[in-house]
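Peer 1: Mind having a look at this structure? Questions to follow.
Numbering (the numbering used here), first residue to last: 207 to 412.
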């Protein structure tokens with residue numbers, strides 16, 4: 207089931223929260239606001255999709271503190287910081303810690319909307335990559351130990367006859383296992399199988 211993208215607004219200024227909520231709702235965008243970072247952190251879930259609009263200066267827990275906590279959780283939500291005139295050094299630090307962007311008050315509505323649209327596109331791309339990685343690993347888990355051996359050798363370009371010799375089985379048995387591998391991984395050509403192997407390597411590095 208696809209999770210809907212939501213723009214999460216975390217700001218202790220009620221006027222900012224209400225203004226951003228109204229602006230985003232008029233564009234048809236789902237939005238949820240929080241008056242402090244701790245409340246957002248209580249609600250946070252790794253399945254959240256969308257982006258986070260975060261005030262850099264807040265009481266109790268600052269925007270930077272929340273960002274650090276989310277980084278510790280392995281969060282992938284793109285973050286756009288809202289900063290005041292004197293907060294540029296903090297905003298630069300936020301960028302170093304992985305924030306997508308920052309925007310200074312007062313800001314033009316269209317500038318913020320443009321940044322939000324960019325953030326949502328990035329989030330959608332990350333979500334697809336995570337889904338693809340998950341599907342790759344799920345399909346690989348369907349392979350038996352022998353099928354996994356065949357998969358690894360075929361992906362390296364070994365011929366059926368060579369694989370059979372190295373594993374001590376007949377070429378025909380290799381062909382049967384290879385057919386099952388292709389079926390379970392839902393690939394039809396050798397090129398697709400090699401591409402699948404590359405996806406696996408990327409998944410294990412992520």
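Ideal placement from N, C-alpha and C gives every residue a C-beta, glycine not left out.
Measuring only the C-alpha atoms, how far is residue 210 from residue 400?
Peer 2: Going from the Cα of residue 210 to the Cα of residue 400 covers about 33 Å.
Peer 1: Just to confirm the assignment, what range does the alpha helix (DSSP H) spanning residue 232 have?
Peer 2: Note, residue 232: alpha helix (DSSP H), 220–232.
Peer 1: When you compare the CB positions of residue 285 and residue 306, do they come within less than 7 Å of one another, or not?
Peer 2: Yes.
Peer 1: Give me the Cα-Cα distance between residue 366 and residue 335, rounded to the nearest whole angstrom.
Peer 2: Computed Cα separation, rounded: 32 Å.
Peer 1: Report yes or no: is there a C-beta of chain C within less than 7 Å of the C-beta of residue 373?
Peer 2: The structure shown contains no chain C; it is built from a single protein chain.
Peer 1: Start and end of the alpha helix (DSSP H) containing residue 340?
Peer 2: Residues 315–346.
Peer 1: Starting from residue 237, follow the alpha helix (DSSP H) in both directions and report where the run begins and ends.
Peer 2: No alpha helix (DSSP H) holds residue 237; the beta strand (DSSP E) holding it covers 237–240.
Peer 1: Strictly by DSSP, which residues pair up with residue 211?
Peer 2: Paired residue(s): 255.
Peer 1: Should residue 368 be labelled buried (16 or more other beta-carbon atoms within 10 Å of its own) or exposed?
Peer 2: By the 10 Å Cβ count, residue 368 comes out exposed.
Peer 1: Given 8 Å as the limit, is there contact between the segment 239–249 and the segment 272–282, that is, 3 or more CB pairs closer than that?
Peer 2: Touching, per the Cβ criterion.
Peer 1: Which of the three DSSP states is assigned to residue 380 in this structure?
Peer 2: Here residue 380 sits in helix by DSSP.
Peer 1: Would you mind stating whether residue 257 and residue 215 have Cβ atoms separated by less than 7 Å?
Peer 2: No, these two residues do not count as a Cβ contact at 7 Å.
Peer 1: Per DSSP, what kind of secondary structure is residue 283 in: helix, strand or coil?
Peer 2: Coil.
Peer 1: Alpha carbons only, please: which of 314, 234, 406 and 311 is nearest the one belonging to residue 354?
Peer 2: Comparing Cα-Cα distances from residue 354 to each of 314, 234, 406 and 311, the minimum goes to 406.
Peer 1: Leaving out the 5 sequence neighbours to the left and right, which residues in its chain are closer than 8 Å to residue 381 when beta-carbon positions are compared?
Peer 2: Correct list, in chain order: 366.
Peer 1: Report yes if the CB atom of residue 288 is closer than 7 Å to the CB atom of residue 261, and no otherwise.
Peer 2: Their beta carbons are under 7 Å apart, which means residue 288 touches residue 261 by this criterion.
Peer 1: Give me whichever residues DSSP pairs with residue 402 in a beta bridge.
Peer 2: Paired residues: none, contrary to the question.
Peer 1: Please report the straight-line C-alpha distance between residue 264 and residue 217, rounded to a whole angstrom.
Peer 2: Roughly 7 Å between the two C-alpha positions.
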